Amino acid sequence: MSDHERIRDLQERLDALAIHVPRPRERAIHEVACAALAHQISELGRRLQRRNYWRSSSAALTD
8 MSDHERIRDL
18 QERLDALAIH
28 VPRPRERAIH
38 EVACAALAHQ
48 ISELGRRLQR
58 RNYWRSSSAA
68 LTD
């Protein structure tokens, strides 16, 4: 699975979790799960940015 596909999958999971959870204990668990997914999406995005930066930098050097 590519990074773009993983990000899309994680975003879909995060969207699926974006529901109202009435009970405090369940809400806390829900918030932790959402935060974990958002963190994974953020890390994958940073990795893609670094990869794209190095690709564009190396391409500029070979031109």
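To convert a position in the sequence shown, counted from 1, into my numbering, add 7. Backbone N, C-alpha and C fix where the C-beta goes; we use that ideal spot for every residue, glycine too. Source: prediction; values computed, not measured.
Cβ-based neighbour list, ILE48, same chain, cut-off 8 Å, excluding 5 preceding and 5 following: The residue labelled residue 48 in the question sits at position 41 within the sequence shown. Excluding positions up to five away in sequence, the list reads ILE14, LEU17, GLN18 and LEU21.
Please report the distance separating the alpha-carbon of LEU55 from that of ASP10. What you label residue 55 is simply residue 48 of the sequence shown in a count that begins at 1. What you label residue 10 is simply residue 3 of the sequence shown in a count that begins at 1. Computed Cα separation, rounded: 7 Å.
Tell me the rounded alpha-carbon separation between LEU51 and ILE36. Locating residue 51 in the sequence shown gives position 44, counting from the first residue. Locating residue 36 in the sequence shown gives position 29, counting from the first residue. Going by the C-alpha atoms only, they are around 23 Å apart.
Using three-state DSSP, classify SER9 as helix, strand or coil. Taking the sequence shown and counting its residues from 1, the one referred to as residue 9 is at position 2. The answer is coil: DSSP assigns SER9 none of H, G, I, E or B.
Taking the CB atoms as reference points, tell me whether LEU24 and ALA42 lie closer together than 8 Å. For the purposes of this step, residue 24 is taken as the residue at position 17 of the sequence shown. For the purposes of this step, residue 42 is taken as the residue at position 35 of the sequence shown. For LEU24 and ALA42, no; Cβs fall outside 8 Å.
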